[in-house]
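K.L.:
Take 7 as the starting number for the sequence shown in the numbering used here and just add one per residue. Okay, here's the structure, questions in a sec.
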Amino acid sequence: MALVPYEEGGGWTARQLHSPWATFHFASRTIRLHQDWRRLGVAAVVWDAAVVLCAYLEMEGIDLRDRSVIELGAGTGLLGIVVTLLGKGFFVAWFKGNHNCSKTSSLTCTCLCEPCPAFPLGAQVTITDRAAALELLESNVQANLPPELRPRAVVKELTWGKDLDNFSPGAFDLILGADIVYLEETFAELLQTLEHLCSERTVILLSCRIRYERDLKFLRMLRERFSVSEVHYDSSKDVHIYKAQRGSRKDDL
7 MALVPYEEGG GWTARQLHSP WATFHFASRT IRLHQDWRRL GVAAVVWDAA VVLCAYLEME
67 GIDLRDRSVI ELGAGTGLLG IVVTLLGKGF FVAWFKGNHN CSKTSSLTCT CLCEPCPAFP
127 LGAQVTITDR AAALELLESN VQANLPPELR PRAVVKELTW GKDLDNFSPG AFDLILGADI
187 VYLEETFAEL LQTLEHLCSE RTVILLSCRI RYERDLKFLR MLRERFSVSE VHYDSSKDVH
247 IYKAQRGSRK DDL
């Protein structure tokens, strides 16, 4: 969330942090992201937690079609991009490959040019971060989504606890965050933001590495407000994925 330098040991080397580009392969596509550590610090590099959460969503085959999704502290945008690709929906894939109708076509379409319940649309993804990170974030999103999916992903400013009037309460089916738990001074605002964005049906997935005692403190604070369970652990990267919901709900995605 905060645009500050951050020390990371283990698998992260200075070369990886300062590389201007990072490349990944998800959802049958190559994703190439611009990084800018020197200018934006943690907001401008891809962390393991984002990679692990992307892999989890893809491997679990979670159906994101017709879901309203928001990512907090998106940084370079990897997670939001992957969610948009994974949630593209049958209709978009079918339309691109088979449908010949358009406003100027001689063919007449009776149904498929408009949203139709028989053909689920893709996820509607809101990708957020603080104002200083938005230029890099927007450029990565636009560069890595095919034209037909770009309208499904919206980059928007969100400073936790301060811009909440710009977001309808409880409007999202899924809230995602990758490595956003590290500054104790942001914990209260992050929790306030999660509570504002959540409805009874909302599922929160937070991917993180537990580095310090303060990270455990956040989990305790989260459990005071939500029902929390660990749904995945990547031992190779030491990354945990936690699922949170209001009350005692334990709905599947």
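Note that the Cβ used here is the ideal one computed from N, Cα and C, for glycine as well.
Could you check the C-alpha separation between Glu-201 and Phe-224 for me, to the nearest Å?
P.N.:
Between Glu-201 and Phe-224, the C-alpha separation is close to 14 angstroms.
K.L.:
Leaving out five residues on either side along the sequence, give the residues of the same chain with a beta carbon under 6 angstroms from the beta carbon of Thr-165.
P.N.:
The residues are Arg-136.
K.L.:
According to the neighbour-count rule (16 or more other Cβ atoms, all chains shown, within 10 Å of its Cβ), is Tyr-218 buried or exposed?
P.N.:
Burial call: exposed.
K.L.:
Among Ile-76, Lys-168 and Asp-171, which has the Cα closest to the Cα of Val-161?
P.N.:
Nearest of Ile-76, Lys-168 and Asp-171 to Val-161, Cα basis: Ile-76.
K.L.:
Could you give the first and the last residue of the continuous beta strand (DSSP E) run that contains Arg-38?
P.N.:
Taken as a continuous stretch (DSSP letters only), the beta strand (DSSP E) holding Arg-38 covers 35-40.
K.L.:
If we count the other Cβ atoms within 10 Å of its Cβ and call it buried at 16 or more, is Val-52 buried or exposed?
P.N.:
Buried, since its Cβ has 16 or more Cβ neighbours within 10 Å.
K.L.:
For Gly-17, name the three-state secondary structure that DSSP assigns.
P.N.:
Here the model assigns Gly-17 a pLDDT of 48, short of 50, so the residue's position is not dependable and the matter cannot be decided.
K.L.:
Going by the DSSP bridge assignment, what does Ile-247 pair with across the sheet?
P.N.:
DSSP lists Ser-213 and His-238 as partners of Ile-247.
K.L.:
State the CB to CB distance for the pair Ala-139 and Leu-151, rounded to an integer number of angstroms; the pair is presumed to be in contact (CB under 8 angstroms).
P.N.:
About 18 angstroms separates the two Cβ atoms, so there is no contact after all.
K.L.:
Where do the N-terminal and C-terminal ends of the beta strand (DSSP E) with Ala-149 fall, by residue?
P.N.:
Taken as a continuous stretch (DSSP letters only), Ala-149 belongs to no beta strand (DSSP E), being part of the alpha helix (DSSP H) at 140-150.
K.L.:
Does the stretch 186-204 come close enough to the stretch 57-64 that 3 or more CB-CB pairs lie under 8 angstroms?
P.N.:
At 8 angstroms Cβ cutoff, the stretches do not touch.
K.L.:
Please report the Cβ distance between Val-245 and Val-88, rounded to the nearest whole angstrom; I am assuming they are in contact, meaning their Cβ atoms lie under 8 angstroms.
P.N.:
15 angstroms between Cβ atoms; not a contact.
K.L.:
Helix, strand or coil: how does DSSP classify Leu-4 here?
P.N.:
Any answer about residue 4 is impossible in this case: the structure gives the chain only from 7 up to 259.
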